[in-house]
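All the letters of the sequence shown, read from the start, carry residue numbers 206 to 398 under my numbering.
All residues carry an ideal CB built from backbone N, CA and C; glycine is no exception.
Keep in mind it's a predicted model, so treat the numbers as computed, not measured.
Comments concern the structure below.
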Amino acid sequence: MNHSSSSAHNAIPGEYRKTAETLFPAGWFSSEKGLDFAAATSFADALGIGAEYRRILGVEKGTGQMREFLGHFQNNLDLLIQKTWVEKDDVSRKEKLQDEIPPLITLIVQDNLQQALKDFGSILDELAYLFFGSQSSKDDFTEYTFRIDSQIGLFWWYGSRLGSLKGTEKNNALNNKSLWAVLLIGICYLTNF
206 MNHSSSSAHN
216 AIPGEYRKTA
226 ETLFPAGWFS
236 SEKGLDFAAA
246 TSFADALGIG
256 AEYRRILGVE
266 KGTGQMREFL
276 GHFQNNLDLL
286 IQKTWVEKDD
296 VSRKEKLQDE
306 IPPLITLIVQ
316 DNLQQALKDF
326 GSILDELAYL
336 FFGSQSSKDD
346 FTEYTFRIDS
356 QIGLFWWYGS
366 RLGSLKGTEK
376 NNALNNKSLW
386 AVLLIGICYL
396 TNF
């Protein structure tokens, strides 16, 4: 999703702007404070996944409950990918995207959240292409998705912001909690899409 952040920012309807702006304030990722978890929860509420988000946020990654949730995520994402209609030339893109999901889940379970977030952003870019075609790479993509549906627009705005999260190793435990909170928003949304 190659669209400028100012274009994406301007596309956000007023009722979602404050919620969106508080999720990714400037500098949170490398600060001592980390992510405002209340902002992440509010953002999840705006996407309609707040209850599921809060439930899963409290689950340890190595548990059976988490494995079950990640299995649901993989199954639903596989279904979404399979159901997209693409030109014959793009069928290999669908297959390649499906192959990227198990390694993402492995990264999550291994708590390699910096790489998981990067890979998830790439998956979202490709998924946007499968859903919306070349429109997904245009500057007005976020505005376009908001015209379809405000929650869909908010989700793709979120996806466009993931690439801006470039962390440092400073305060890694805090960053991992923050990364997980941000990554989980997208995972919950796609699991319940």
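- request: Confirm, please, whether the CB-CB distance from L252 to Y349 is below 8 angstroms.
  value: Numbered from 1 along the sequence shown, position 144 holds the residue referred to as residue 349. Numbered from 1 along the sequence shown, position 47 holds the residue referred to as residue 252. Against a cut-off of 8 angstroms, the Cβ pair of L252 and Y349 comes out as no contact.
- prompt: Nearest-angstrom Cα distance between E273 and S339?
  reply: Mapped onto the sequence shown, residue 273 falls at position 68. Mapped onto the sequence shown, residue 339 falls at position 134. Roughly 34 angstroms separates the two Cα atoms.
- prompt: Taking all protein chains shown into account, do 16 or more other C-beta atoms lie within 10 angstroms of the C-beta of I392, making it buried, or fewer, making it exposed?
  reply: Within the sequence shown, residue 392 is the residue found at index 187, counting from 1. Buried, because 16 or more other Cβ atoms sit within 10 Å of the Cβ of I392.
field: DSSP state of W200 mapped onto helix, strand, coil
entry: What the structure shows of the chain is the stretch from 206 to 398, and residue 200 is not part of that stretch, so it cannot be assessed.
query: What are the boundary residues of the alpha helix (DSSP H) that includes Q303?
result: Position 98 of the sequence shown, counted from the first residue, corresponds to residue 303. Its alpha helix (DSSP H) spans residues 296 to 314.
- prompt: When the Cα of I328 is compared with those of G368, N381, E220, which residue comes out closest?
  reply: Here residue 328 corresponds to residue number 123 of the sequence shown, with the count starting at 1. The shortest C-alpha separation from I328 is found at G368.
- prompt: Between G326 and the rest of its own chain, which residues show a CB-CB distance below 6 angstroms, the 5 nearest in sequence each way excluded?
  reply: Counting from one through the sequence shown, the residue named residue 326 turns up at place 121. Excluding positions up to five away in sequence, the list reads L367, G368.
- request: Please determine, among I286, N380, L302, A333, the residue with the shortest C-alpha to C-alpha distance to F360.
  value: Counted from its first residue, the sequence shown places residue 360 at position 155. Closest by alpha carbon: A333.
- prompt: So, helix, strand or coil for N381, using DSSP?
  reply: Taking the sequence shown and counting its residues from 1, the one referred to as residue 381 is at position 176. Of the three classes helix, strand and coil, the one that applies to N381 here is helix, per DSSP.
- prompt: On the premise that S355 lies in contact with Y258, defined as a C-beta separation below 8 angstroms, what is that separation, rounded to the nearest angstrom?
  reply: For the purposes of this step, residue 258 is identified with residue 53 of the sequence shown, where counting begins at 1. For the purposes of this step, residue 355 is identified with residue 150 of the sequence shown, where counting begins at 1. So it is not a contact: roughly 18 angstroms between Cβ atoms.
field: Closest residue to E265 among S342, I313, Q319, D304 (Cα-Cα distance)
entry: On the sequence shown, residue 265 is found 60 positions in, with the first residue counted as 1. Measuring from the Cα of E265, the nearest candidate turns out to be I313.
query: Between the Cα of F398 and the Cα atoms of I217, S342, H277, which residue gives the shortest distance?
result: For the purposes of this step, residue 398 is taken as the residue at position 193 of the sequence shown. Nearest C-alpha to F398: H277.
field: Sub-8 angstroms separation of L275 and I286 beta-carbons
entry: Residue 275 sits at position 70 when you count from the first residue of the sequence shown. Residue 286 sits at position 81 when you count from the first residue of the sequence shown. No, the Cβ-Cβ distance between L275 and I286 is not below 8 angstroms.
- prompt: Out of curiosity, what's the CA-to-CA distance linking G358 and A225?
  reply: For the purposes of this step, residue 358 is taken as the residue at position 153 of the sequence shown. For the purposes of this step, residue 225 is taken as the residue at position 20 of the sequence shown. So the alpha carbons of these two residues sit roughly 11 angstroms apart.
- prompt: Can you name, in chain order, every residue of its own chain whose Cβ lies under 7 angstroms from the Cβ of A245, other than the five neighbours on each side?
  reply: What you label residue 245 is simply residue 40 of the sequence shown in a count that begins at 1. Counting only Cβ-Cβ distances below 7 angstroms, and skipping sequence neighbours, we find L228, A386, V387, I390.
- prompt: The alpha helix (DSSP H) spanning T246 covers which residue range?
  reply: Along the sequence shown, one-based indexing puts residue 246 at 41. That run of the alpha helix (DSSP H) goes 242 to 251.
query: What is the DSSP secondary structure of K343, counted as helix, strand or coil?
result: Position 138 of the sequence shown, counting from 1, holds the residue named residue 343. Note: K343 maps to coil in three-state DSSP.
query: With a CB to CB cut of under 7 angstroms and the five nearest residues on each side skipped, what residues in its chain are close to Q320?
result: Along the sequence shown, one-based indexing puts residue 320 at 115. These residues qualify, in order along the chain: L312.
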